[in-house]
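Colleague: Line by line, the protein sequences are chains Z and A. Here full-length UniProt numbering is used: the first residue of the first sequence is 1, the next is one more, and so on. Here full-length UniProt numbering is used: the first residue of the second sequence is 1, the next is one more, and so on. Questions regarding the structure given below will be posed in turn.
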Amino acid sequence: MTSTSTASSADGLASVGPRDGRPAPRAGTADGAPAARPGRRRRRGGEGLLVRYAFIAPAVLYLLLFYGYPIVKNVVMSFQAYDFSTFFNGSAPFVGLDNYATALSNPIFLKALANTGLFTVGSIIGQFVIGLGLSLYFRKHFPLSGVLRSLLLLPWLLPMIVSAAVWRWILEQDSGVLNRFLESIGLISEPIGWLTSSDTALVAVIMVNIWLGIPFNVALLYSGLQAIPEELYEAGQLDGATGWKAFRHITLPLLRPVVSVVLLLGVIYTIKVLDLIIGLTGGGPANATQTLATRSYELSFLEFDFGQGAALSNVLILIALLFSVVYLRANARAAKNG
Amino acid sequence: MTASTAPRTSPAPARRGARAPRGLVHTGIGIVLVAIMLFPVYWMVNASLAPQGNSLNTGLLPLHPDVGGYARAFADQGQNLLTSLVVAVGAAILSLVIAAPCAYALAQFRIRGTAVLVFLVLISQMIPGIVIANALYTAYTPLGLINSVPGLILADATQGIPFSILIMRAYLETFPTSIVEAARVDGCGHLRAFVSIVLPVSRNSLITAGIFSFLFAWSDFLMALTLTTGETIRPVTLGLYTYIGTNDTDWSAVMATAVMSSVPAVVLMIAAQKYIAAGATGGAVK
Chain Z
1 MTSTSTASSA DGLASVGPRD GRPAPRAGTA DGAPAARPGR RRRRGGEGLL
51 VRYAFIAPAV LYLLLFYGYP IVKNVVMSFQ AYDFSTFFNG SAPFVGLDNY
101 ATALSNPIFL KALANTGLFT VGSIIGQFVI GLGLSLYFRK HFPLSGVLRS
151 LLLLPWLLPM IVSAAVWRWI LEQDSGVLNR FLESIGLISE PIGWLTSSDT
201 ALVAVIMVNI WLGIPFNVAL LYSGLQAIPE ELYEAGQLDG ATGWKAFRHI
251 TLPLLRPVVS VVLLLGVIYT IKVLDLIIGL TGGGPANATQ TLATRSYELS
301 FLEFDFGQGA ALSNVLILIA LLFSVVYLRA NARAAKNG
Chain A
1 MTASTAPRTS PAPARRGARA PRGLVHTGIG IVLVAIMLFP VYWMVNASLA
51 PQGNSLNTGL LPLHPDVGGY ARAFADQGQN LLTSLVVAVG AAILSLVIAA
101 PCAYALAQFR IRGTAVLVFL VLISQMIPGI VIANALYTAY TPLGLINSVP
151 GLILADATQG IPFSILIMRA YLETFPTSIV EAARVDGCGH LRAFVSIVLP
201 VSRNSLITAG IFSFLFAWSD FLMALTLTTG ETIRPVTLGL YTYIGTNDTD
251 WSAVMATAVM SSVPAVVLMI AAQKYIAAGA TGGAVK
């Protein structure tokens, strides 16, 4: 979320539970060798291991069909000349690394790669800094703080394409409210074509994505802050650690595991953002906001070159997996220390 | 006393029972911060109520609200809203039906491969949607699943199912096994124990998983964009997107559509606050 991808943002965390990877504490019902220990459990007729596997079978089947198959298919397609004619004559000859060579040597690829980097780094820094500031602020006890904090989540729940539409209207060159506001306070004399000028489009898209990502950062950082015991601050206060000092020596070190999880998940979800960019600029003007994800979409669904589209999306998978591995390690460490 | 409790911008928590005026100042600043963050949402509602033809100069306040935008939006997008509703409800149900038993088995049964499966479910959430869309398009075409509600439900559940498995498993790990074991001693099968004991007791996690699966599917744009080609089956997210392209002078109708597409999120947020919070932090970072 971020619609989607941002919406799905918190997902990975579900597994952060401290029991990850540890054996469940009910060794008595182990099913490892049921035959060797007859009578150990009440007999349930034929219902044993099979029934247990039946519980996970639908999920495994689904994941195989809707994740396993697409990944394999994507890899295979990336080595094929798979284009629109394939749908008619079914022929998709293997062409080795041609798709990779063509897609990666195209100047648009380098542009998209650089944009993906800028988009991701810019978004993450902005979201994190503002998100941390807001969660620190809302940590204070004051009337309505809980209500206001949950209102902050709203942008995260909206469909990403809705946010794109709204921002398109706000950033509109001639009648958008941002330009009208900036003109009225005398900051600009000419309306800026935020999304239509190749100088500003990427900045504008990053700005909107920062706005979208703030709620996710606030939600996780706030819950991380809640886990820091207040006594530590009281003790720190006695030692003269208040304000910035308390933040540096108490908050930051204790928040670090959460911070790494937030940043890594942020990266993983940001590199695949597609809805927002398609909704705001469609990758334009002149590829100014083209990223790996939008370029892959463009190759497959606008140019109908599924082979090249697949090649690019495999590059995207590799990058996502790289960060996923780092994330899972950080996550396991956070769980161990928690 | 006043000196020692001078306002701080530090993260140190203000004492409970701080003097009321200072609390109110904080509330005031908090309201301003939230207002800035939510301005785009306000602007969407405001623009949706602007009279047509005047939308190029939307006022700061909807002093002369006009629901014409809503009438036009509903006429154009009503069918798409219905499609979205059917798809999102379908995807939420499918997610729960598939994920709940799996989450239960992963949390409670000691079966081979549990750790691997959990790992794969986690990783699956990090696969870019465009990868799934790329392959599904080529598979859906010969299967006749392009432009179909079942096709969209199946594709949209790609987000709901892993999320639901993880969030319900986290909950079910703390499930009191003794209840199930007691029932099993009384001759209750795995399936019956699951349906009549586990599911009712874990209602909260089911609701959380269901809400998020619904929202993922409702918000989906990518699958709608790639797996539908006509106007017959078109979720409202895609409807809104094409609306911008064809209708960019009638912003009040476009924004009315945006508002209507946001309604489920807002309603859920109001009605299910604690579930949203539970899902947002996904079992909490420990």
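A virtual CB, placed ideally from N, CA and C, is assigned to each residue, including glycine.
Which residues in chain Z have a C-beta closer than 8 Å to the C-beta of A:GLY78? List them in chain order.
Modeller: In the second sequence, the residue the question calls residue 78 of chain A occupies position 78. Ordered by position in chain Z, no residue passes the 8 Å Cβ test against A:GLY78, which lies about 17 Å from the chain.
Colleague: Can the beta-carbon of A:GLY113 be found less than 9 Å from the beta-carbon of A:ILE153?
Modeller: Locating residue 113 of chain A in the second sequence gives position 113, counting from the first residue. Locating residue 153 of chain A in the second sequence gives position 153, counting from the first residue. Not in contact: A:GLY113 and A:ILE153 (Cβ atoms no closer than 9 Å).
Colleague: When burial is assigned at 16 or more other CB atoms within 10 Å of the CB, is Z:LEU202 buried or exposed?
Modeller: Here residue 202 of chain Z corresponds to residue number 202 of the first sequence, with the count starting at 1. By the 10 Å Cβ count, Z:LEU202 comes out buried.
Colleague: Answer with buried or exposed for A:HIS26, where buried requires no fewer than 16 other C-beta atoms within 10 angstroms of its C-beta.
Modeller: Here the question's residue 26 of chain A lines up with position 26 in the second sequence. It is buried - the Cβ of A:HIS26 has at least 16 other Cβ atoms within 10 Å.
Colleague: For chain A, check one thing: does any of its Cβ atoms lie closer than 9 Å to the Cβ of Z:ARG168?
Modeller: Indexing the first sequence from 1 puts residue 168 of chain Z at position 168. Closer than 9 Å: yes.
Colleague: Using a Cβ-Cβ cutoff of less than 7 Å, which residues in the same chain neighbour A:HIS64 once the five nearest sequence positions on both sides are dropped?
Modeller: Translated into positions along the second sequence, residue 64 of chain A becomes position 64. Same-chain partners within the cutoff: PRO51.
Colleague: Please report the straight-line C-alpha distance between Z:GLY21 and Z:ARG329, rounded to a whole angstrom.
Modeller: Position 21 of the first sequence, counted from the first residue, corresponds to residue 21 of chain Z. Position 329 of the first sequence, counted from the first residue, corresponds to residue 329 of chain Z. For Z:GLY21, the predicted model reports a pLDDT of 36, less than 50, meaning its position is unreliable; a value from the coordinates is still stated below. Answer to the nearest angstrom: the Cα atoms are 12 Å apart.
Colleague: Z:PHE94 by DSSP, collapsed to three states: which one?
Modeller: Here residue 94 of chain Z refers to the residue found at position 94 when the first sequence is read from its first residue. The answer is strand: DSSP assigns Z:PHE94 an E or B state.
Colleague: Going by other Cβ atoms of all chains shown within 10 Å of its Cβ, with 16 needed for buried, is A:ASP250 buried or exposed?
Modeller: As a position in the second sequence, residue 250 of chain A is number 250, starting the count at 1. Looking at its Cβ environment, which holds 16 or more other Cβ atoms inside 10 Å, A:ASP250 is buried.
Colleague: Taking the C-alpha atoms as reference points, what is the distance between Z:PHE79 and Z:ALA311?
Modeller: Your numbering for residue 79 of chain Z matches position 79 in the first sequence. Your numbering for residue 311 of chain Z matches position 311 in the first sequence. Looking at the two C-alpha atoms, the distance is approximately 8 Å.
Colleague: Give me the Cα-Cα distance between A:GLY68 and A:GLY144, rounded to the nearest whole angstrom.
Modeller: Sequence index remark: in the second sequence, residue 68 of chain A carries index 68 (1-based). Sequence index remark: in the second sequence, residue 144 of chain A carries index 144 (1-based). Going by the C-alpha atoms only, they are around 38 Å apart.
Colleague: Which residues does DSSP list as the beta-bridge partners of A:GLN79?
Modeller: What you label residue 79 of chain A is simply residue 79 of the second sequence in a count that begins at 1. None, per the DSSP bridge assignment.
Colleague: Checking contacts by CB at 9 Å: is A:ASN147 closer than that to chain Z?
Modeller: Residue numbering aside, residue 147 of chain A sits at position 147 when the second sequence is read from its first letter. No, A:ASN147 does not count as interfacial toward chain Z.
Colleague: Measure the alpha-carbon distance for A:ALA278 versus Z:ALA103 and round it to whole angstroms.
Modeller: Residue mapping note: residue 278 of chain A aligns to position 278 of the second sequence, counting from 1. Residue mapping note: residue 103 of chain Z aligns to position 103 of the first sequence, counting from 1. Near 42 Å, if we compare the C-alpha coordinates of Z:ALA103 and A:ALA278.
Colleague: By DSSP, does Z:ARG333 sit in helix, in strand, or in coil?
Modeller: Taking the first sequence and counting its residues from 1, the one referred to as residue 333 of chain Z is at position 333. Helix at Z:ARG333.
Colleague: Comparing C-alpha positions only, which one of A:SER196, A:ILE132 and A:PRO264 sits nearest to A:VAL236?
Modeller: For the purposes of this step, residue 236 of chain A is identified with residue 236 of the second sequence, where counting begins at 1. Answer by Cα proximity: A:PRO264.
Colleague: If you follow the alpha helix (DSSP H) that A:ARG203 is in, where does it begin and where does it stop?
Modeller: Taking the first residue of the second sequence as 1, we reach residue 203 of chain A at position 203. Its alpha helix (DSSP H) spans residues 203-219.
Colleague: Are the C-beta atoms of A:LEU199 and some chain Z residue less than 9 Å apart?
Modeller: The residue given as residue 199 of chain A occupies position 199 in the second sequence. The Cβ of A:LEU199 sits no closer than 9 Å to any Cβ of chain Z.
Colleague: Quick one: residues in its chain with C-beta nearer than 7 Å to the C-beta of A:PHE194, no 5 flanking neighbours on either side, listed in chain order?
Modeller: Reading the second sequence from its first residue, position 194 is the one you call residue 194 of chain A. Excluding positions up to five away in sequence, the list reads PRO101 and TYR104.
Colleague: Are the stretch 314-323 of chain Z and the stretch 190-204 of chain Z touching, with three or more C-beta to C-beta distances below 8 Å?
Modeller: no
Colleague: Within the 9 Å Cβ cut-off, does Z:ALA320 reach chain A?
Modeller: Here the question's residue 320 of chain Z lines up with position 320 in the first sequence. Yes, contact with chain A.
Colleague: Does any C-beta atom of chain Z lie closer than 9 Å to the C-beta of A:THR158?
Modeller: Translated into the one-based positions of the second sequence, residue 158 of chain A becomes position 158. A:THR158 counts as touching chain Z.
Colleague: For the stretch 108-122 of chain Z against the stretch 176-187 of chain A, are there 3 or more C-beta pairs whose distance is under 8 Å?
Modeller: no
Colleague: Who are Z:GLN80's beta bridge partners in DSSP?
Modeller: Here residue 80 of chain Z corresponds to residue number 80 of the first sequence, with the count starting at 1. Z:PHE94, per the DSSP bridge assignment.
Colleague: According to the Cβ coordinates, are Z:ILE56 and A:LEU117 closer than 9 Å?
Modeller: Here residue 56 of chain Z is taken as the residue at index 56 of the first sequence, counted from 1. Here residue 117 of chain A is taken as the residue at index 117 of the second sequence, counted from 1. Result yes, Cβ atoms of Z:ILE56 and A:LEU117 sit closer than 9 Å.
Colleague: From which residue to which residue does the alpha helix (DSSP H) around Z:SER184 run?
Modeller: For the purposes of this step, residue 184 of chain Z is taken as residue 184 along the first sequence, with counting starting at 1. That run of the alpha helix (DSSP H) goes 177-184.
Colleague: So, A:MET260 versus A:LEU81, is the Cβ gap smaller than 9 Å?
Modeller: Taking the second sequence and counting its residues from 1, the one referred to as residue 260 of chain A is at position 260. Taking the second sequence and counting its residues from 1, the one referred to as residue 81 of chain A is at position 81. Yes, the pair counts as a contact, with Cβ atoms nearer than the cut-off.
Colleague: Look at the Cβ atom of Z:GLY282, then the Cβ atom of Z:THR294, and state whether they are nearer than 9 Å.
Modeller: Here residue 282 of chain Z refers to the residue found at position 282 of the first sequence. Here residue 294 of chain Z refers to the residue found at position 294 of the first sequence. Between Z:GLY282 and Z:THR294, the C-beta gap is smaller than 9 Å, which places the two residues in contact.
Colleague: Measure from the C-beta of Z:VAL51 to each C-beta in chain A and report whether the shortest distance is under 9 Å.
Modeller: Counted from its first residue, the first sequence places residue 51 of chain Z at position 51. By this cut-off, Z:VAL51 is an interface position.
Colleague: Note down, in chain order, each residue of its chain lying with its Cβ closer than 6 Å to the Cβ of residue 320 of chain A, except the 5 sequence neighbours on either side.
Modeller: This structure does not reach residue 320 of chain A, given that chain A is present from 1 up to 286, and the question cannot be answered.
Colleague: Since Z:LEU263 is in the alpha helix (DSSP H), which residue starts that stretch and which ends it?
Modeller: On the first sequence, position 263 is the one that residue 263 of chain Z refers to. Per DSSP, Z:LEU263 belongs to the alpha helix (DSSP H) from 252-270.
Colleague: Would you decide whether Z:LEU187 is buried or exposed? Buried here means 16 or more other CB atoms lie within 10 Å of its CB.
Modeller: Indexing the first sequence from 1 puts residue 187 of chain Z at position 187. Flag for Z:LEU187 reads exposed.
Colleague: In whole angstroms, what separates the C-alpha of Z:LYS73 from that of Z:SER223?
Modeller: Position 73 of the first sequence, counted from the start, is the residue given in the question as residue 73 of chain Z. Position 223 of the first sequence, counted from the start, is the residue given in the question as residue 223 of chain Z. Computed Cα separation, rounded: 40 Å.
Colleague: Could you name each continuous alpha helix (DSSP H) segment of 4 residues or more that falls completely within the stretch 83-169 of chain Z, going from the start of the chain to the end?
Modeller: For the stretch 83-169 of chain Z, whole alpha helix (DSSP H) runs of length 4 or above, ordered along the chain, are 86-89, 98-105, 107-137, 145-152 and 154-157.
Colleague: At the 9 Å Cβ level, is Z:GLY309 part of the contact set with chain A, yes or no?
Modeller: The residue labelled residue 309 of chain Z in the question sits at position 309 within the first sequence. Z:GLY309 counts as touching chain A.
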